[in-house]
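Peer 1: Starting off with a structure, shown below.
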Amino acid sequence: MTSSKRAPFDAQAARAKRPIPLWADAFLRDTQELQADEVGAYLLILMAMWRRRSCDLPDDDRRLAQVAKVSTRLWNARIGPVIRPFMLVEDGMIFSKRLKFEAAYVEREVKRQSDKKRSAERDEDKRENSRKALKTNKLASSTDISTDNTADASADDPRNHPRHYPSQQPNNPTYGGREYSSDEESSPPPMAAVDQDFLSEIATACGYQSEAIPGAWLGTKAADLVSGWLIAGLTEDAIIDRARKSREVHPEPPATPQALSGFMAAPQKAQRRNDAPPPSKAEVLQLKARMINSGGYCPPSVVTPVQARDLLAMGLVEPETLKVRGIAF
């Protein structure tokens with residue numbers, strides 16, 4: 000049963016794990032004058048605020064630009080001036096008044112649900128203790144009647160098999176929907192322990208800010224995936240190093256850790272691939288320059304602002320070409 004001593008319920012932390020409430024009609028009405036990248040930046044900032052216990056962010060243009068996934072120059076020039084009117088600033092923190100209101104409502108609801116659940120658990124504990132007390136009294140009174148004949152009869156009576164008295168034998172643990180014991184040949188597959196701090200460290204190595212890590216990087220599926228890498232023979236340092244090196248090929252942080260599976264192959268497979276070194280930074284830039292200068296379709300996200308400036312410095316592209324492509328630099 001549940002323990003009598005439990006840590007106080009943290010409504011703010013529980014709220015941060017719930018879905019962010021978004022009123023579609025109000026949001027579309029408020030953002031109808033914004034461009035697509037401005038709407039995206041606004042949403043990213045709201046979601047980053049929602050994941051924090053205080054439901055706000057430091058009022059720092061550089062950090063806000065990182066959360067919005069735009070360059071600081073673009074944030075100061077266009078994105079920031081259209082988003083800041085939706086926010087309030089107090090004591091060095093920027094926040095949304097409407098989002099704070101919704102956060103308070105969700106916190107009250109999760110607190111109410113927690114109180115209800117704990118009350119039900121306390122009632123169940125009381126009922127369980129009462130059942131145990133009655134069973135103890137019944138067993139104590141039955142021990143007064145003990146003769147050789149009754150003992151023999153009891154031993155032969157199938158109703159007196161220990162399996163009919165759950166309190167007299169422990170429950171075998173289950174795995175995969177069946178019972179198993181330590182003397183069986185089969186056993187559950189090993190699992191390596193993975194905590195959220197390590198998952199956050201991997202996401203940070205891929206380029207995410209600590210306050211803007213998506214939930215897909217911190218859930219059970221992500222932990223199971225990383226556990227598989229550890230079981231395959233990779234160390235935690237090797238996983239962090241490969242996650243960091245993955246940015247040389249894919250500068251933008253991946254949406255889920257599943258995208259890193261190719262970089263986290265078993266050590267023996269990775270050794271065979273080491274014969275062919277990864278492309279250098281210059282080779283990657285030359286490839287992307289050919290994409291930009293070609294006549295075909297090229298999405299604005301093909302390069303980051305930093306890469307765009309490197310392309311200009313190397314003379315691989317012209318500023319006018321980047322402007323036509325809609326690439327920020």
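Residue 0 is where the sequence shown starts when you use numbering that gives the first Met the number 0, and the numbers rise one by one after that. A virtual CB, placed ideally from N, CA and C, is assigned to each residue, including glycine.
Which of helix, strand or coil does DSSP assign to PRO57?
Peer 2: Translated into positions along the sequence shown, residue 57 becomes position 58. Strand.
Peer 1: Could you have a look at PRO187 and say whether DSSP puts it in helix, strand or coil?
Peer 2: Within the sequence shown, numbered from 1, the residue matching residue 187 stands at position 188. For PRO187, the predicted model reports a pLDDT of 45, less than 50, meaning its position is unreliable; a value from the coordinates is still stated below. Correct three-state label for PRO187: coil.
Peer 1: List the endpoints of the continuous alpha helix (DSSP H) containing ALA229.
Peer 2: In the sequence shown, counting from the first residue as 1, residue 229 sits at position 230. The sequence given here places Leu at residue 229; Ala does not occur at that position. It spans 219-230 - the alpha helix (DSSP H) in which LEU229 sits, taken as one unbroken run.
Peer 1: With C-beta atoms as the reference, is ALA312 less than 8 Å away from ALA327?
Peer 2: Your numbering for residue 312 matches position 313 in the sequence shown. Your numbering for residue 327 matches position 328 in the sequence shown. Not closer than 8 Å, so no.
Peer 1: Compute the Euclidean distance between the alpha carbons of ALA12 and LEU56, then round it to the nearest angstrom.
Peer 2: As a first step, residue 12 is located in the sequence shown; it is residue number 13 there, counting from the start. As a first step, residue 56 is located in the sequence shown; it is residue number 57 there, counting from the start. C-alpha separation (whole angstroms): 16 Å.
Peer 1: Are LEU259 and PRO250 touching if we call contact CB-CB under 8 Å?
Peer 2: If you number the sequence shown from 1, residue 259 lands on position 260. If you number the sequence shown from 1, residue 250 lands on position 251. Against a cut-off of 8 Å, the Cβ pair of PRO250 and LEU259 comes out as no contact.
Peer 1: How would you label PRO256, buried or exposed, when you count the other beta carbons within 10 angstroms and need 16 or more for buried?
Peer 2: Along the sequence shown, read from residue 1 onward, the residue named residue 256 stands at position 257. Burial call: buried.
Peer 1: If we count the other Cβ atoms within 10 Å of its Cβ and call it buried at 16 or more, is LEU63 buried or exposed?
Peer 2: As a first step, residue 63 is located in the sequence shown; it is residue number 64 there, counting from the start. Looking at its Cβ environment, which holds 16 or more other Cβ atoms inside 10 Å, LEU63 is buried.
Peer 1: Do LYS322 and VAL301 have their C-beta atoms within less than 8 Å of each other?
Peer 2: Taking the first residue of the sequence shown as 1, we reach residue 322 at position 323. Taking the first residue of the sequence shown as 1, we reach residue 301 at position 302. Against a cut-off of 8 Å, the Cβ pair of VAL301 and LYS322 comes out as no contact.
Peer 1: Looking at the secondary structure, which residues open and close the alpha helix (DSSP H) in which PHE26 lies?
Peer 2: To locate residue 26, count along the sequence shown from 1; it is residue 27. Taken as a continuous stretch (DSSP letters only), the alpha helix (DSSP H) holding PHE26 covers 23-29.
Peer 1: Take ASP58 as the anchor and find which of VAL69, TYR41, ARG83 has the nearest alpha-carbon.
Peer 2: Numbered from 1 along the sequence shown, position 59 holds the residue referred to as residue 58. The option with the nearest alpha carbon to ASP58 is ARG83.
Peer 1: Does the stretch 28-37 come into contact with the stretch 119-129, if we say contact requires no fewer than three beta-carbon pairs (one atom in each stretch) closer than 8 Å?
Peer 2: Too few Cβ pairs lie closer than 8 Å, so no.
Peer 1: Our contact map puts ARG241 next to MET263 with C-beta atoms below 8 Å; I'd like the distance itself, whole angstroms only.
Peer 2: Position 242 of the sequence shown, counted from the first residue, corresponds to residue 241. Position 264 of the sequence shown, counted from the first residue, corresponds to residue 263. Indeed they touch by this definition, with Cβ atoms about 6 Å apart.
Peer 1: If you draw a straight line from the alpha carbon of PRO172 to that of ASP223, how long is it in whole angstroms?
Peer 2: For the purposes of this step, residue 172 is taken as residue 173 along the sequence shown, with counting starting at 1. For the purposes of this step, residue 223 is taken as residue 224 along the sequence shown, with counting starting at 1. Note that PRO172 has pLDDT 44, beneath the 50 cutoff, so the model's placement of it is unreliable and the number below is only indicative. Those two C-alpha atoms are separated by around 21 Å.
Peer 1: Would the stretch 65-78 and the stretch 37-53 be scored as touching if the rule is three or more Cβ pairs under 8 Å?
Peer 2: The stretch 65-78 vs the stretch 37-53: in contact.
Peer 1: Here's the rule: buried if 16 or more other CB atoms are within 10 angstroms of the residue's CB, otherwise exposed. What is ASP309?
Peer 2: Stepping through the sequence shown from its first residue, residue 309 is reached at position 310. Label assigned to ASP309: buried.
Peer 1: Near PRO277, what residues of its chain come up, given a Cβ to Cβ distance below 8 Å and the 5 sequence neighbours on each side ignored?
Peer 2: By 1-based counting over the sequence shown, the position of residue 277 is 278. Only LYS244, GLU247, VAL248 meet the Cβ criterion.
Peer 1: To the nearest angstrom, how far is it from the Cα of ALA76 to the Cα of GLY91?
Peer 2: As a working mapping, residue 76 is identified with position 77 in the sequence shown. As a working mapping, residue 91 is identified with position 92 in the sequence shown. Taking the straight line joining both Cα atoms gives about 21 Å.
Peer 1: Verify whether the separation of the beta carbon atoms of GLU200 and ILE239 is less than 8 Å.
Peer 2: Locating residue 200 in the sequence shown gives position 201, counting from the first residue. Locating residue 239 in the sequence shown gives position 240, counting from the first residue. Cβ atoms of GLU200 and ILE239: closer than 8 Å.
Peer 1: Tell me, which residues are paired with PHE94 by DSSP?
Peer 2: By one-based count along the sequence shown, residue 94 stands at place 95. LEU87.
Peer 1: Output yes or no for whether 8 Å exceeds the beta carbon distance between ALA102 and ARG14.
Peer 2: Against the sequence shown, residue 102 aligns to sequence position 103. Against the sequence shown, residue 14 aligns to sequence position 15. Taking 8 Å as the Cβ cut-off, ALA102 and ARG14 qualify as a contacting pair.
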